[in-house]
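Chemist:
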Amino acid sequence: MKRIAFFVYGVTSHGMFLLVYAALGFFVTGQFLPRTIDGPTGLSGGPAAMVNTLLLLSFGVPHSVMARPGFKAWWTQIIPKPIERSTYVLISNLLVLAMMAFWQPIESVVWHVQSQPLAGLIWSLSAIGWLLVPLSSLLINHFDLLGTRQVWLYMQGKAYSHLPFASPLLYRIVRHPLYVGWLLAFWATPYMTVGHLQFAGILTAYILIAIRFEERDLLDQHGERYAKYRREVPMLIPSGRRPQPNHAAEAPVRHEPAL
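Read in order, the letters of the sequence shown correspond to residues 1 to 259 in the UniProt record's numbering.
(1) Exposed or buried, what is PRO105 when buried is set at 16 or more other beta-carbons lying within 10 Å of its beta-carbon?
(2) Taking the beta carbon of ILE140 as the centre, do at least 16 other beta carbons fall within 10 Å, making it buried, or is it exposed?
(3) Alpha carbons only, please: which of VAL96, PRO82, GLY30 is nearest the one belonging to LYS158?
(4) If I follow the unbroken beta strand (DSSP E) through MET235, where does it start and stop?
(5) Skipping 5 residues on each side, what residues in its chain have a beta carbon closer than 8 Å to that of VAL174?
(6) DSSP beta-bridge partners for THR36?
(7) Please name the residue or residues paired with MET100 in a DSSP beta bridge.
(8) Just confirm the distance between the C-beta atoms of LEU219 and TYR229, as a whole number of angstroms; I'd bet it's less than 8 Å.
(9) Under a three-way DSSP split, which group does THR76 fall into?
(10) The alpha helix (DSSP H) that contains HIS196, what's its start and end?
(11) Using a Cβ-Cβ cutoff of less than 6 Å, which residues in the same chain neighbour ILE202 once the five nearest sequence positions on both sides are dropped?
(12) Considering only their Cβ atoms, is the gap separating GLY129 from LEU197 smaller than 7 Å?
(13) Take residue 307 and list the residues in its own chain whose beta-carbon comes closer than 6 Å to its own, dropping the five residues that flank it on each side.
(14) PHE71 to VAL65, Cα distance in whole Å?
(15) Helix, strand or coil: which one does DSSP assign to HIS112?
(16) Measure the C-alpha to C-alpha separation of PRO177 and HIS142 and round it to an integer number of angstroms.
(17) Just checking my contact of PHE7 with TRP123 at CB under 8 Å: how many whole Å lie between their CB atoms?
(18) In the structure shown, what three-state DSSP assignment does TYR21 receive?
(19) Could one say the Cβ of ALA159 lies closer than 7 Å to chain B's Cβ atoms, at least one of them?
(20) Using a threshold of 7 Å, state whether the C-beta atoms of LEU145 and SER137 are closer than that.
(21) What's the call for HIS112, buried or exposed, on a 16-neighbour Cβ count within 10 Å?
(22) Got a sec, what are the start and stop residues for the alpha helix (DSSP H) ILE128 sits in?
(23) Hey, how far is the Cα of ILE60 from the Cα of LEU121?
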């Protein structure tokens, strides 16, 4: 019974992530939802910026701390290992929902692109970003990343095992295509307000910090193999250089989501 309960818990957490991800996309792009990143306004000026900063930190700090190996070693003394990842995803879902619910739009306009085809091109980049995030995860370890593989293995009575190195196409171009997707999603908008700029700026800083921690963990886990991959493949911006198939094609599996 416990195995089935854990599996249902993991699948529910995964399904909730998909809904929250879609909601976040609508929130940032200003579509369909009654409350978005740009309105309606509540607080103004400094108080709004302070609340938004606290909301972003309230997401970013626990999201990063809970992904660290030291925290996991302590946390799994409380939360059973098979559902540790699903619990991480569930808490992240709730933090994102809270951020969207209490966000304070700051409507001062930074830029507003109305001319075509430029505005359409920017929206296309935004769509690419929102699609690139799930695509990048599917190329490597989407179900492991969201905890579903862990509960599936537990339900079958099998021990968890780390996934081997993968050879996904996007990871031959840049080391972190998932983060590239997030950056495009945050920044590619024809209508940038101060509130949106604050959101994009703080989360960009968070991503750059997260990369340092993630790559340190990957070096510890994969050693020289990842070091060689890091030397050959750029971090976020494609170099235009054709990757070496024997090394750069073997991108190591990630275990920590960006957001």
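Just so it is clear, CB atoms sit at the ideal spot from N, CA and C, and this is done for glycine as well. Source: prediction; values computed, not measured.
Modeler: In short:
(1) Result: buried.
(2) By the neighbour-count rule (16 or more Cβ atoms within 10 Å), ILE140 is buried.
(3) For LYS158, the closest of VAL96, PRO82, GLY30 by C-alpha to C-alpha distance is PRO82.
(4) For MET235, there is no enclosing beta strand (DSSP E), as DSSP marks it with neither H nor E.
(5) The residues are VAL180, VAL233, PRO234, MET235, LEU236, ILE237, PRO238.
(6) Per the DSSP secondary-structure output, THR36 pairs in a beta bridge with GLY39.
(7) Answer is none; MET100 lacks a bridge partner.
(8) Between TYR229 and LEU219 the Cβ distance is about 10 Å, and since that is not below 8 Å, they are no contact.
(9) Three-state DSSP puts THR76 in coil, outside helix and strand.
(10) Segment 194-222, the alpha helix (DSSP H) holding HIS196.
(11) Closer than 6 Å at the Cβ level, and outside the excluded window around ILE202, lie LEU56.
(12) It is not a contact, given that the beta carbons lie outside the stated cut-off.
(13) Any answer about residue 307 is impossible in this case: the structure gives the chain only from 1 up to 259.
(14) Each residue's Cα considered, the two are about 7 Å apart.
(15) Three-state DSSP puts HIS112 in a strand.
(16) Computed Cα separation, rounded: 14 Å.
(17) The pair is not a contact, with the Cβ atoms about 39 Å apart (cut-off 8 Å).
(18) Look at TYR21 here: in three-state DSSP terms it is helix.
(19) In summary, chain B is missing from the structure at hand, where a single protein chain is found.
(20) Yes, Cβ-Cβ distance for LEU145 and SER137 is below 7 Å.
(21) Burial call: exposed.
(22) Run containing ILE128: 118-140, per the alpha helix (DSSP H) assignment.
(23) Position check: residue 60 holds Gly in this sequence, whereas Ile was assumed. A direct Cα-Cα distance of roughly 30 Å separates GLY60 from LEU121.
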